[in-house]
Amino acid sequence: MTIAVCPGSYDPITDGHLDVIRRCARLFDEVHVVVAVNAAKTPLFTEEERVDIIRHTLGTDDTNIVVSSTEGLITDYCEKVGATVIVKGLRQNGDYEAELGMALVNRKLAGIETMFLPADPVLEHISSSVVKDVARHGGDVRGMVPDYVVEKLNIALGAACR
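Here it is as structure tokens:
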């Protein structure tokens with residue numbers, strides 16, 4: 001069985017993330033979507049909220065997807081679940097340069113390979129940071145995130161993003 005890990009902060013999960021996760025689920029027997037807790041970041045949603053949002057968004061259609069979180073090294077998580085590959089989505093905004101260094105470190109630490117999936121061109125402009133910024137200013141984030149995320153953003157921001 002081939003197990004892949006799709007790590008990210010997912011604060012919040014976007015339609016771009018979902019596209020990469022679902023494409024990944026077609027390529028591997030089991031995919032772990034892992035909320036990676038980064039102490040250097042101050043997320044809008046808690047670790048538990050992000051896991052719950054992802055689970056709710058994915059629903060029960062994708063039976064080979066496991067959603068969890070980790071505070072440690074992603075390579076430690078990979079070793080724990082028997083994953084042999086980390087899958088990362090790439091947009092055109094310099095993601096490759098940032099992700100390549102991490103991929104090389106992960107290979108050195110644990111022999112884990114990284115596979116890069118290019119973003120769908122329709123979604124490549126979407127990032128969690130952009131979504132939060134637009135939502136904070138009451139902008140329309142539909143088409144960038146699932147409807148459930150729009151609801152959660154409205155609650156978290158006390159705003160009426162559309």
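The UniProt record's numbering numbers the first residue of the sequence shown as 1 and each following residue consecutively. For every residue, glycine included, the Cβ atom is placed at its ideal position computed from N, Cα and C. Predicted model, so just to flag it, every value in this text is computed and none were measured.
For residue i, count neighbouring Cβ atoms within 10 angstroms of its own Cβ and tell me buried if that reaches 16, exposed if not.
{"i": "Arg142", "result": "exposed"}
{"i": "Lys152", "result": "buried"}
{"i": "Ser128", "result": "buried"}
{"i": "Gly82", "result": "exposed"}
{"i": "Thr42", "result": "exposed"}
{"i": "Met144", "result": "buried"}
Where do the ends of the alpha helix (DSSP H) carrying residue i lie?
{"i": "Ser129", "result": "128–136"}
{"i": "Gly101", "result": "95–110"}
{"i": "Ile21", "result": "15–27"}
Let me make sure I understand the geometry here. Which of the options has the alpha-carbon closest to that of residue i?
{"i": "residue 198", "options": "Ser129, Val37, Leu123, Arg26", "result": "In the structure as shown, the chain begins at 1 and stops at 162. Residue 198 is therefore absent and cannot be evaluated."}
{"i": "residue 169", "options": "His17, Val5, Ile3", "result": "This structure does not reach residue 169, given that the chain is present from 1 up to 162, and the question cannot be answered."}
{"i": "Thr57", "options": "Asp19, Lys132, Pro121, Val130", "result": "Asp19"}
{"i": "Lys88", "options": "Val31, Val122, His137", "result": "Val31"}
For the 8 Å Cβ check, are there 3 or more pairs between the region 70–85 and the region 95–111? Segments in contact, yes.
Three or more beta-carbon pairs under 8 Å between the region 46–60 and the region 82–100, yes or no? no
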